[in-house]
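Below: the structure, in structure tokens.
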Amino acid sequence: MNEYNLSDHKAMVQDVFLEVAEISAATKQMKSSLISIQGDIEVLSRSIQEFQKTMKDIQRDIPIAVSESAMVSFDEQLNKMQALQELLDKLNQGDVILSNKKRNSWFRR
Numbered sequence: 015m016n017e018y019n020l021s022d023h024k025a026m027v028q029d030v031f032l033e034v035a036e037i038s039a040a041t042k043q044m045k046s047s048l049i050s051i052q053g054d055i056e057v058l059s060r061s062i063q064e065f066q067k068t069m070k071d072i073q074r075d076i077p078i079a080v081s082e083s084a085m086v087s088f089d090e091q092l093n094k095m096q097a098l099q100e101l102l103d104k105l106n107q108g109d110v111i112l113s114n115k116k117r118n119s120w121f122r123r
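Going by our numbering, the sequence shown opens with residue 15, and the numbers climb by one from there.
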């Protein structure tokens with residue numbers, strides 16, 4: 015401040031112009047940073063939307079896949095039980111002829 019009191023206003027104006035130039039450069043850098051941040055936010059927003067869509071798809075598809083898997087497993091077990099039941103029915107009717115070896119082992123017990 016003392017130097018401004020002693021000198022003419024030219025030095026003060028030069029200092030003001032230098033500070034304005036520095037502020038302008040800093041403002042441009044901030045604007046560039048904000049534009050970059052805005053781009054990052056847009057990319058992040060798209061990623062979040064894709065993640066949400068994927069989660070909704072998973073929430074929709076998992077119950078369907080589990081129920082289909084359960085039905086396949088149930089059908090397999092049902093088929094096994096039906097085959098066993100048919101075999102038991104044949105045994106009860108005498109349609110299944112046991113080999114002599116097996117028949118003899120049953121009679122020995």
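Glycine is no exception: its CB is placed at the ideal position from the N, C-alpha and C atoms.
For the pair Leu98 and Ser87, the Cα-to-Cα distance works out to about 17 Å.
In the three-state DSSP reduction, Asp22 falls in the coil class, being neither helix nor strand. Leu102 and Leu92 have their C-alpha atoms roughly 15 Å apart.
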